[in-house]
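Numbering (the numbering used here), first residue to last: 90 to 490.
Where is the CB? At the ideal position from N, CA and C, for every residue including glycine.
Notes follow the structure.
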Amino acid sequence: MVSTNYAPEHAGIGPYATQIAEYWASTGHDTHVLAGMPHYPAWSLEAEYKGALRRTERRAGVTVHRRAHTVPPRQTAVKRALFEGSILLHGAVAPPRMPKPHAILAQMPSLAGGVLAARFAAKWKVPFVPVVQDLMGAAAAQSGISGGDKAAALAGRAEAYALRRATLVGVIHETFVERVVGMGVDPGRIRIVPNWSHVPQPSRPRGETRHHLGWAPGQTVVLHSGNMGLKQGLEVLVGAARLDPEVRFVLMGDGSQRQALADLAADVPNLDIIPPAADGEFPDILAAADVLAVTQHAAVMDMSVPSKLTSYFQAGRPVVASVAARGGTAQEVERSGAGVLVPPEDPAALLKAVRALAEDPEGADALGSAGPAHVAAHLSREAGLARIDALMEEALGGHRP
Numbered sequence: 090m091v092s093t094n095y096a097p098e099h100a101g102i103g104p105y106a107t108q109i110a111e112y113w114a115s116t117g118h119d120t121h122v123l124a125g126m127p128h129y130p131a132w133s134l135e136a137e138y139k140g141a142l143r144r145t146e147r148r149a150g151v152t153v154h155r156r157a158h159t160v161p162p163r164q165t166a167v168k169r170a171l172f173e174g175s176i177l178l179h180g181a182v183a184p185p186r187m188p189k190p191h192a193i194l195a196q197m198p199s200l201a202g203g204v205l206a207a208r209f210a211a212k213w214k215v216p217f218v219p220v221v222q223d224l225m226g227a228a229a230a231q232s233g234i235s236g237g238d239k240a241a242a243l244a245g246r247a248e249a250y251a252l253r254r255a256t257l258v259g260v261i262h263e264t265f266v267e268r269v270v271g272m273g274v275d276p277g278r279i280r281i282v283p284n285w286s287h288v289p290q291p292s293r294p295r296g297e298t299r300h301h302l303g304w305a306p307g308q309t310v311v312l313h314s315g316n317m318g319l320k321q322g323l324e325v326l327v328g329a330a331r332l333d334p335e336v337r338f339v340l341m342g343d344g345s346q347r348q349a350l351a352d353l354a355a356d357v358p359n360l361d362i363i364p365p366a367a368d369g370e371f372p373d374i375l376a377a378a379d380v381l382a383v384t385q386h387a388a389v390m391d392m393s394v395p396s397k398l399t400s401y402f403q404a405g406r407p408v409v410a411s412v413a414a415r416g417g418t419a420q421e422v423e424r425s426g427a428g429v430l431v432p433p434e435d436p437a438a439l440l441k442a443v444r445a446l447a448e449d450p451e452g453a454d455a456l457g458s459a460g461p462a463h464v465a466a467h468l469s470r471e472a473g474l475a476r477i478d479a480l481m482e483e484a485l486g487g488h489r490p
């Protein structure tokens, strides 16, 4: 596997890459991962990896080959290009030392990772299967990153280079298919492989967790968990908090926009920004909130489906999605039956939905309970890993190594 993001990263794509690799290792496969240095979602290199140029580790039976790269604390087109370029250069100069694999899977949106994986597969003459988690060309155009137009063109070319060379292409959502076909990929080679819920169900009583966090029993708490980047458009939560000081808004996580959001909310006493939760506490904190928020800029349509949704559904609390109605995120919330949609970038609309849920606790609980049921039926880890296995087996011609 080639995946810039990998354990110990606990948010975004890292957990999915890790669970796939560890599952392969647990079933007897000699599994190798070419990864970056842990940095996400804080976009800050973890302390134990500072100064490391290359490192090989054994984690849960997986051999992880790490290569250093730049880590831009702020996202601009130039800095993102340097990040991808450093991954590509170091991976090309110092490829992993390992036996010839039977197949290579790449986790994209790492453009460099996709290109490297395609080149390694061509060198070894083995099947190459990218799984598209985000579309970086569309992301650059839709997320509001500085210099996004030029970045979109460059990213689109790199994506197309990798995807056109794939044996099969996995996409996590059907809204990605049209763009992937537009890059020159035969529709007959595209398979939909949705992500799964990679966190367990909550285990502690909600009241106990709320008391630990300092959330009053009668106070409505709206929680956003995950990356604080440009595409999330988290300013809408700051705006909603300004409109009603009785509702508590909590942003839990890290990311390139964390400081900017803290500055924006400096005079908003009912908005808290807290660090990412430890893995063991994460499900309980999600479940302790009254409402779980997912937000995106209005321009974000078909380039990303937040990985946080699978965790939100597992938590059993209603979701308010401030996202474009025609995008993949909206489709997933509607499909789950676990939330409501509001127009993006509209603080008043978001607050109105939160108040409606607070005034109808039975309705809110009914929405919330649909989430775990949806996970059990469609998004279990077992089902997700089985889809990846089937994808790889098909790429290998129907034969497992």
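Under the three-state DSSP convention, the category Ser-411 falls into:
Translated into the one-based positions of the sequence shown, residue 411 becomes position 322. Strand at Ser-411.
With 16 other Cβ atoms within 10 Å as the buried cut-off, status of Gly-318:
Counted from its first residue, the sequence shown places residue 318 at position 229. Looking at its Cβ environment, which holds 16 or more other Cβ atoms inside 10 Å, Gly-318 is buried.
Supposed contact pair Ala-382 and Val-409 - C-beta distance, whole angstroms, cut 8 Å:
Reading the sequence shown from its first residue, position 320 is the one you call residue 409. Reading the sequence shown from its first residue, position 293 is the one you call residue 382. Yes, they are in contact, since the Cβ atoms of Val-409 and Ala-382 sit about 5 Å apart, within 8 Å.
Just reading off the alpha helix (DSSP H) that Gly-296 is part of, what are its end residues?
Position 207 of the sequence shown, counting from 1, holds the residue named residue 296. Where Gly-296 is concerned, the enclosing alpha helix (DSSP H) stretches over 295-302.
Assuming Val-91 is part of the alpha helix (DSSP H), what are its boundary residues?
Position 2 of the sequence shown, counting from 1, holds the residue named residue 91. No alpha helix (DSSP H) contains Val-91, which DSSP labels as neither H nor E.
Sort out for me which residues DSSP pairs His-154 with in a bridge.
Against the sequence shown, residue 154 aligns to sequence position 65. Leu-123 and Thr-145, per the DSSP bridge assignment.
List the endpoints of the continuous beta strand (DSSP E) containing Thr-31.
Nothing can be reported for residue 31: it is not among the residues displayed for the chain, which extend from 90 to 490.
From Ala-475 to Met-90, what does the alpha carbon distance come to, in whole angstroms?
Walking along the sequence shown from the start, residue 475 turns up at place 386. Walking along the sequence shown from the start, residue 90 turns up at place 1. Each residue's alpha carbon lies about 17 Å from the other.
Give me whichever residues DSSP pairs with Phe-217 in a beta bridge.
Reading the sequence shown from its first residue, position 128 is the one you call residue 217. Answer is Ile-193.
Taking its Cβ as the centre, do 16 or more other Cβ atoms sit within 10 Å of Ala-355, making it buried, or is it exposed?
As a working mapping, residue 355 is identified with position 266 in the sequence shown. Ala-355 is exposed by the Cβ-count criterion.
Taking 8 Å as the cut-off, decide whether the C-beta atoms of Val-357 and Arg-337 are in contact.
On the sequence shown, residue 357 is found 268 positions in, with the first residue counted as 1. On the sequence shown, residue 337 is found 248 positions in, with the first residue counted as 1. The answer is no: Cβ separation not under 8 Å.
Delimiting residues of the alpha helix (DSSP H) encompassing Arg-476:
In the sequence shown, residue 476 corresponds to position 387, counting from 1. That run of the alpha helix (DSSP H) goes 470-484.
Residues of its chain near Ala-211, where Cβ-Cβ distance is below 8 Å and the 5 sequence neighbours each way are ignored
As a first step, residue 211 is located in the sequence shown; it is residue number 122 there, counting from the start. The answer, listed in chain order, is Phe-217 and Arg-254.
In or out: Lys-139 buried (at least 16 other Cβ within 10 Å) or exposed?
Taking the sequence shown and counting its residues from 1, one reaches residue 139 at position 50. By the neighbour-count rule (16 or more Cβ atoms within 10 Å), Lys-139 is not buried but exposed.
Could you please give me the residues that DSSP links to Ile-281 through a beta bridge?
Your numbering for residue 281 matches position 192 in the sequence shown. For Ile-281, which the question treats as bridged, DSSP gives the partners Val-260.
Residue(s) in a DSSP beta bridge with Leu-430:
Residue numbering aside, residue 430 sits at position 341 when the sequence shown is read from its first letter. The partner list for Leu-430 (beta bridge, DSSP) reads Ala-410.
Grab the span of the beta strand (DSSP E) containing Arg-337 for me, first residue to last.
Along the sequence shown, read from residue 1 onward, the residue named residue 337 stands at position 248. Unbroken beta strand (DSSP E) run through Arg-337: 337-343.
Whose C-beta lies closer than 7 Å to the C-beta of Gln-164 among residues of the same chain, with five residues either side of it excluded?
Position 75 of the sequence shown, counting from 1, holds the residue named residue 164. Same-chain partners within the cutoff: Ile-234, Gly-318, Leu-319 and Ser-345.
Could you check what DSSP says for Asp-379 in three-state terms: helix, strand or coil?
Within the sequence shown, numbered from 1, the residue matching residue 379 stands at position 290. If DSSP states are grouped into helix, strand and coil, Asp-379 belongs with coil.
Through-space distance from Pro-372 to His-386, alpha-carbon basis:
Residue mapping note: residue 386 aligns to position 297 of the sequence shown, counting from 1. Residue mapping note: residue 372 aligns to position 283 of the sequence shown, counting from 1. Each residue's Cα considered, the two are about 26 Å apart.
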